[in-house]
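Trainee: Pasting a structure below so you can have a look.
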Amino acid sequence: MLEDERVTYYFEDIDMQRVRIHQAQFISSVTGGPVGYSGGEMETAHEGMGITSTEFDAIAAHLNDALVLFDVDDEGRQAVLEEIESYRSNIVTASELSERCDSPLSTMYRKHELLKDAACPKSGSDPLVG
């Protein structure tokens, strides 16, 4: 996942240990496991990230690969993926336009936020607005 160019930028400057903990908790909770999920609401946790359907599908495919790697049977994998799919509308917020762009809106959003935080020649100016 961290080497997948479609989604790697979401994990730059992110505490991956925290992400892994939340992912493990979430999977445990949706499969009836003993560990409850302590992360935020899906919509709130992914707010403003501009995630596209293609990016969502890429992460789901990586999740499926991880479940295969850990010998989760077909029925278990299907249950997890169906539960993840039920959150699609809370996580995917990018417009259809971003699906057709070379640079997804999520990437542009992240770069815009980084630029806004950088020191600009004119105090308080937004470098993408002008």
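Under this note's numbering, the first residue of the sequence shown is numbered 16, with each subsequent residue one higher.
Cβ atoms here follow ideal geometry from the backbone N, Cα and C, with glycine treated the same way.
Fair warning: this is a prediction, and the values are worked out from it, not measured in the lab.
Once DSSP output is grouped into helix, strand and coil, what is the label at I29?
Mentor: coil
Trainee: When the Cα atoms are used, what is the spatial distance from I106 to V22?
Mentor: Cα to Cα, the separation comes out at about 14 Å.
Trainee: Apart from the five residues on each side of it in sequence, which residues of its chain come closer than 7 Å, Cβ to Cβ, to I42?
Mentor: V95
Trainee: Count the CB pairs spanning the stretch 26 to 45 and the stretch 65 to 77 that are closer than 8 Å, and state whether there are at least three.
Mentor: Output reads no: the stretch 65 to 77 does not touch the stretch 26 to 45.
Trainee: From which residue to which residue does the alpha helix (DSSP H) around F85 run?
Mentor: Segment: none, F85 is in no alpha helix (DSSP H) and carries neither H nor E.
Trainee: Assign E18 to buried or exposed, taking buried as 16 or more other Cβ atoms, counted over all protein chains shown, within 10 Å of its Cβ.
Mentor: exposed
Trainee: Please state whether DSSP places V107 in a helix, a strand or coil.
Mentor: strand
Trainee: Taking just the CA atoms, how far does F85 sit from Q40?
Mentor: For Q40 and F85, the distance between alpha carbons rounds to 16 Å.
Trainee: What residues in its chain sit with their C-beta under 7 Å from that of I66, if we drop five residues either side in the sequence?
Mentor: I106, V107, T108, A109, S121
Trainee: What's the gap between the Cα of F71 and the Cα of R103?
Mentor: 7 Å
Trainee: Using only the alpha-carbon positions, how far apart do S101 and A73 sit?
Mentor: 16 Å
Trainee: Given the structure, does E97 come close to the ligand MG, in the sense that its CB is under 8 Å from one of the ligand's heavy atoms?
Mentor: In terms of ligand content, the structure shown is empty, and the ligand MG therefore cannot be addressed.
Trainee: Taking the continuous alpha helix (DSSP H) assigned at E58, which residues delimit it?
Mentor: 57 to 60
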